[in-house]
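Numbers -19 to -1, 1 to 327, taken from mature numbering (1 follows the signal peptide of the UniProt record, and there is no 0), label the letters of the sequence shown in order.
Data block below; observations after.
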Amino acid sequence: MMLHLVTLFILVVNKFSCGFIVPQMNHEQPSDIASLVCATRIEDERFPNIKKFLSQYFQAWQPGSNSGGYTGFKIYKHFLFQFLPPLVDNSIKVTFCRDGVSQWTVTQNMQEDIDWNEFICIYDGKSNITSSLRTAAINDINNYHCFKLARRKKYVKRNYSFFLPGSFIGGLYYCNLSKNQKIQILDSSTSNLVVLHSNPVPLCNENNTIPLLPLVSDDLRGYWSYWYSKKSHNKVKEILNANVHKVVPYIHTYNFPSFEYNKTGSIPMFSVRELLFNLITANELGLNGLKNGIRSWFYEVSVTEDYSNFDTKPIIVDVIINTVINVLGQAASTPHRALYKIFKEK
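And the structure:
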């Protein structure tokens, strides 16, 4: 347990660190940070334990077998720091990648951590949108889709999303919402589809969700930075005009090579949903070689994170670790909150 606490302490400090390791200044502005995120391959061999775990649930799952780029979901924190004019900003982003190429990205409100109660919603309709995404989604509600992240019982008491690398921490769900429910979510969303607050009554629950993929914690120490500034003969001016992007990996799903897509280049979310649901259902029924009678991963996860009816009792080690993480997270986040407040008030 002590080794776990030391490792988590390093991760906590690194997560809230405002420092950036700068190998060199780039004079080419990144067109899309999400594209760089998707281009970063996930080496499945880093986490042999979770690989073994997944192979128990999916006989056909061959992590790392896809010779192409990464396909799956990546959840990460994006910091933006700018000298002139002064700016500090950060956000939680969820990016869906296909063959190493970013397909869409959803941004959560500025906050210190992932909001596990909020929806992740996208509009996957017309590409030539002349109005806001929210207006487009209201007028084309069938192409408005929402997802939900959920943690396992042992992690719900953590106020900060710190996990040992390679841990099975929860699941990703598709919310099969009615038209009225979608409108209800859109009513509390920004023009860019950022959900501002959760509904008191969970709209996404066990009765209308489809479990997609288990969530695996990434290694926060694998963060990377990108410095950009227009080239100038005045090096001081070049540095002062720079902006810095820092990406801290949080969570991902494993490289999943079995996605099927149409030839139009659009993202058929419903097809993806059906594909994953059929795969998991087949495993659950034993039609796809479920091994040793092991239950599917989503039996350990409640999409609403309500574990009052679960039989498992909290393990004292988990209680201690959660308490320590909450204390360390609070202490480590204080300098970052102060810096953010200073720059935001200017």
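The beta carbon of each residue, even a glycine, is placed where N, CA and C say it ideally should be.
Could you give the first and the last residue of the continuous alpha helix (DSSP H) run that contains leucine 17? 14 to 20
How long is the line joining the alpha carbons of cysteine 19 and lysine 160, rounded to whole angstroms? 32 Å
Among Ile110, Ser172, Asp13 and Lys138, which has the Cα closest to the Cα of glutamine 84? For glutamine 84, the nearest C-alpha among the options comes from Asp13.
Mark threonine 111 as exposed unless 16 or more other C-beta atoms lie within 10 angstroms of its C-beta, in which case mark it buried. exposed
Rounding to the nearest angstrom, what Cα-Cα distance links asparagine 157 and glycine 81 in this structure? 27 Å
Determine the direct distance from the alpha carbon of threonine 190 to that of isoleucine 73, and round the result to whole angstroms. Roughly 23 Å between the two C-alpha positions.
Segment contact flag, the stretch 112 to 121 with the stretch 131 to 147, C-beta cutoff 8 Å, min 3 pairs: Touching, no.
CA-CA distance, serine 169 and alanine 117? 15 Å
Over the uninterrupted alpha helix (DSSP H) stretch that includes asparagine 71, give me the two end residues. Asparagine 71 -> not in any alpha helix (DSSP H); beta strand (DSSP E) instead, spanning 68 to 79.
What's the C-alpha gap between proline 195 and glutamate 99? So the two alpha carbons sit approximately 18 Å from each other.
In whole angstroms, give me the CA-to-CA distance for lysine 55 and threonine 88. 12 Å
In chain order, which alpha helix (DSSP H) runs of at least 4 residues are fully inside the stretch 106 to 149? 114 to 120
Contact set for leucine 153: own chain, Cβ-Cβ below 7 Å, skip 5 residues either direction: Phe54, Phe128, Leu130, Leu193, Leu194, Leu196 and Thr234
Neighbourhood of aspartate 94 by C-beta, 6 Å cutoff - its chain only, sequence neighbours within 5 removed: If we look at aspartate 94 and ignore the five residues flanking it on each side, its Cβ neighbours are Tyr141 and Ser142.
Closer than 8 Å by C-beta to isoleucine 164: which residues in its own chain qualify, once you throw out the five before and the five after it? Chain order, please. Ile119 and Ile122
Kindly indicate which three-state DSSP category phenylalanine 279 falls into: helix, strand or coil? helix
Which whole-angstrom value is the C-beta distance of residue 358 and glycine 147, which I expect to be below 8 Å? Given that the chain is displayed from residue -19 to residue 327, the structure contains no residue 358 and the question cannot be resolved.
Would you mind working out which of His226, Thr86 and His59 sits nearest tyrosine 104, comparing C-alpha positions? Thr86
Out of Trp97, Cys185 and Lys227, which one is the CA nearest neighbour of proline 136? Before going further, note that residue 136 is tyrosine rather than proline in the sequence given. When each option's Cα is compared against that of tyrosine 136, the closest is Trp97.
Separation of isoleucine 166 from serine 172, as counted between CA atoms: C-alpha of serine 172 to C-alpha of isoleucine 166: approximately 12 Å in a straight line.
Are the beta-carbon atoms belonging to tyrosine 231 and tyrosine 51 less than 8 Å from one another? no
Given a cut-off of 8 Å, decide if phenylalanine 77 and valine 225 are closer than it, judged by their beta-carbon atoms. no
What span of residues does the alpha helix (DSSP H) with isoleucine 164 cover, start to end? 160 to 167
In DSSP terms, what serine 198 is bridged to: Ile232
According to the neighbour-count rule (16 or more other Cβ atoms, all chains shown, within 10 Å of its Cβ), is asparagine 290 buried or exposed? exposed
Identify whether glycine 203 lies in helix, strand or coil by the three-state DSSP scheme. helix
Can you pull the DSSP bridge partners for isoleucine 101? Phe128
Local Cβ density within 10 Å of valine 282, reported as buried at 16 or more and exposed below that: buried
Express the C-alpha separation of cysteine 185 and asparagine 71 in angstroms, rounding to a whole number. Looking at the two C-alpha atoms, the distance is approximately 27 Å.
At which residues does the beta strand (DSSP E) containing threonine 88 begin and terminate? Counting along the chain, the beta strand (DSSP E) containing threonine 88 begins and ends at 82 to 88.
Asparagine 236, buried or exposed, once every other Cβ within 10 Å from all chains shown has been counted against 16: buried
Which of the three DSSP states, helix, strand or coil, is assigned to leucine 153? strand
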